[in-house]
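Report on the following structure.
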Ligand SMILES: [Ca+2]
Ligand SMILES: [Ca+2]
Ligand SMILES: [Ca+2]
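In the working numbering, the protein residues as written are 76 to 315.
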C-alpha cells in the first residue's frame, strides 16, 4: 500500500499543475488574440486606405500619361483626338476611323482615343503590348481590321486602377462636348460587371465645361460610378 501513496499525490499534483498551465495558456492565448484583434482593428482602415491611395496615385499617373500622349498627338494633328472614331465618315484620310467598323455605343470615347494613339503613327505616345495591363475589351467588340501596334482586332479600353475604363470626352475644334457615354465597368477581376453612364463634367460654380477646348479624361474612382465626387480627372473634380 505504501508504494501507492506517494504515487497518487504526485500524479494529482502533476494534474493540477497541468490544469494551471493549460489555464494560463488559454488566458494568454485569449489575451494575445484580443491584442491581435485590437491591432488589426486599429490598422485595417489605414491598410484599406493605403490600398485605395495606391490606386488613386496609379490612376492619376495614368491620367497624366494619357494627357501627355494627347498633347503629343495634338502637336502633330493640331487638335485633340476625337471621341467618336467609328462615327467619322467613310471618306478615308488621316482623321477617318471608317476602317474600324461600326460602333456598338459603349466605351466609344476611350476606344476612339486608343485607336487614334495606336493607329496614327506620328506624334504622341504609343499604346502597345508594353501597356497591356492597362488595356481590356470590356464590351467585347472588334474592328474588321487588325489595329496597328496592338496587333489584333479587339477594340480595347484603357482602364483605371480599379479596372474601370476611363471615359474620354473630346472637345476638338468645332465639336464641343456631346454628352453622355455608356461605359462597361468590370468587377475588378477583368469580368464585365455592368453598363453605367458617364457625362462630361461641368463646373458647378460657373456652369461651364471643364477643359472647354481640349478634353476630359475621367476615372470613375473607387466607387466605379461616374459623376460622383470620388472621380479622378485631368481637372479638379468638385468634391461635396
Ligand atoms: Ca465599344
Ligand atoms: Ca471595346
Ligand atoms: Ca466615382
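Don't be surprised by glycine CBs; every beta carbon is placed ideally from N, CA and C.
Burial is judged here by how many other beta carbons sit within 10 angstroms of a residue's own beta carbon; residue 239 has at least 16 and is buried. Put simply, the backbone Cα of residue 236 is about 29 Å away from that of residue 151. Near ligand 3, residues with a Cβ at less than 5 Å from any of the ligand's heavy atoms are 295, 296, 298, 300, 303, 305 and 306; the list follows chain order. The three-state reading of DSSP puts residue 237 in coil, since its state is none of H, G, I, E or B. Per DSSP, reduced to three states, the secondary structure at residue 186 is helical. The alpha-carbon separation between residue 234 and residue 105 amounts to approximately 45 Å. Residue 191 sits buried, since 16 or more C-beta atoms from the chains shown fall within 10 Å of its C-beta.
Counting C-beta pairs with one atom in each stretch, the segment 127-141 and the segment 259-266 have fewer than three that are closer than 8 Å, which means they do not touch. Residue 143 sits in a helix when the DSSP states are folded into three classes. Ligand 1 approaches residue 216 closely enough that one of its heavy atoms is under 7 Å from the residue's Cβ. When secondary structure is reduced to three states using DSSP, residue 280 falls in the coil class, being assigned neither helix nor strand. Taking 7 Å as the cut-off, one finds at least one heavy atom of ligand 1 near enough to the beta carbon of residue 186.
A distance criterion of 7 Å places the beta-carbon of residue 232 in contact range of ligand 2, judged by its closest non-hydrogen atom.
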